[in-house]
Amino acid sequence: MVLVVNPDLFFKEQSHFRMGLMIHEIEHVIRLHVPRFREKIKGNPFLKEKANIAMDLAVNSTIQRDLLPDWVLFPDQFDLPGGQTAEWYFKQLCNPQRGIGSMDSADKSSSSTHSESAKLIRDDFDNTGLDEDCGDLPYELEKNIVHELMKNAASETERARGLLPGHVQEIIRSLTLTPKIPWNQVFRRLCQWASLREKAYTKKRRTRRYGTRPGPFMKRRLKLTVAFDTSGSISTDDLAWFFSELDHLSK
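Residue -3 is where the sequence shown starts when you use the numbering used here, and the numbers rise one by one after that.
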């Protein structure tokens, strides 16, 4: 993964601002902002600007404020709380230009600078050349690629982990964890979905309305094939749990 910045803008900033801007851009990648919004704003310049502002608000509210230049946008400039998702800010920004115009003169100059500087630093949605070379990537594929890159980056920067912000460490750590799936819940839901219900009648229970007729009841039939691994890769405890679940379902 290669991060490209505009040198005319980036190297004009002080070193601590450069670090904040790097964190800003990396967080956009980690949060998959561009893939999440690409289809929503395709071909609409107004929605593109709105999405850029929403994504910046979501990221900047989690970064230490003195690490960012004065031209970036923060949620309080729009009378919005911090710590929300980009989609949430996107819904709140019905008209981002009107929101910017409602600020005082100092904030106006900051926001006007943001409009130019943000375009110089990042314009992720203009990926026509990439699409021509590689085609449109499905969201899930792009998500997997980014997560794999983040896992590799996490393993390569293990020694520098203490220099990263806490919330960035948590995000990277979550990408390296093996997903935990509650298989017992999944198994029971699968069995509920695979069960068939049909109406049947029995002479053992008469109807309440007609005492001489067989009474109805719901007959359940489980449409499920059971197979288990005998190669030894499944532990005895797992097999015991599996058969106990089958016994419970049969009752």
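The beta-carbon is built from N, C-alpha and C at its ideal position, and this holds for glycine as well.
Since the model is a prediction, treat every value here as computed from it, not as a measurement.
Quick one: what's residue i bridged to in DSSP?
| i | result |
| --- | --- |
| Phe213 | Ala196 |
| Leu218 | Ser191 |
| Arg202 | Pro210 |
Taking the alpha carbon of residue i as the point to measure from, which residue in the options has its own alpha carbon closest?
| i | options | result |
| --- | --- | --- |
| Ala149 | Gln10, Ile22, Phe213 | Ile22 |
| Ala54 | Asp72, Lys38, Leu43 | Asp72 |
| Leu242 | His12, Phe224, Ile230, His29 | Phe224 |
| Gln181 | Tyr85, Asn2, Trp237 | Trp237 |
| Cys90 | Thr226, Pro178, Phe74 | Phe74 |
| Val142 | Leu5, His24, Val1, Gln60 | His24 |
| Gln88 | Leu43, Arg61, Gln60 | Leu43 |
| Glu45 | Asp66, Phe86, Arg202 | Phe86 |
| Thr221 | Gly228, Ala190, Arg202 | Ala190 |
| Trp67 | Leu5, Ile230, Thr232 | Leu5 |
Is the beta carbon of residue i less than 8 Å from the beta carbon of residue j?
| i | j | result |
| --- | --- | --- |
| Lys195 | Pro210 | no |
| Phe7 | Leu64 | no |
| Leu69 | Ile49 | yes |
| Arg184 | Arg216 | no |
| Met146 | Ile19 | no |
| Leu17 | Glu9 | yes |
| Asp39 | Ser57 | Before going further, note that residue 39 is Gly rather than Asp in the sequence given. No, Cβ-Cβ distance for Gly39 and Ser57 is not below 8 Å. |
| Glu138 | Pro31 | yes |
| His29 | Met51 | yes |
| Leu218 | Cys187 | yes |
Answer with buried or exposed for residue i, where buried requires no fewer than 16 other C-beta atoms within 10 angstroms of its C-beta.
| i | result |
| --- | --- |
| Tyr206 | exposed |
| His244 | exposed |
| Ser240 | exposed |
| Phe213 | exposed |
| Phe33 | buried |
| Ile230 | exposed |
Would a check of beta-carbon distances place residue i closer than 8 Å to chain C?
| i | result |
| --- | --- |
| Lys219 | Among the chains of the structure shown, chain C does not appear; only one protein chain is present. |
Any chance the CB of residue i is under 7 Å from a heavy atom of the ligand SAH?
| i | result |
| --- | --- |
| Asn140 | Looking for the ligand SAH in the displayed structure turns up nothing, as the structure carries no ligands at all. |
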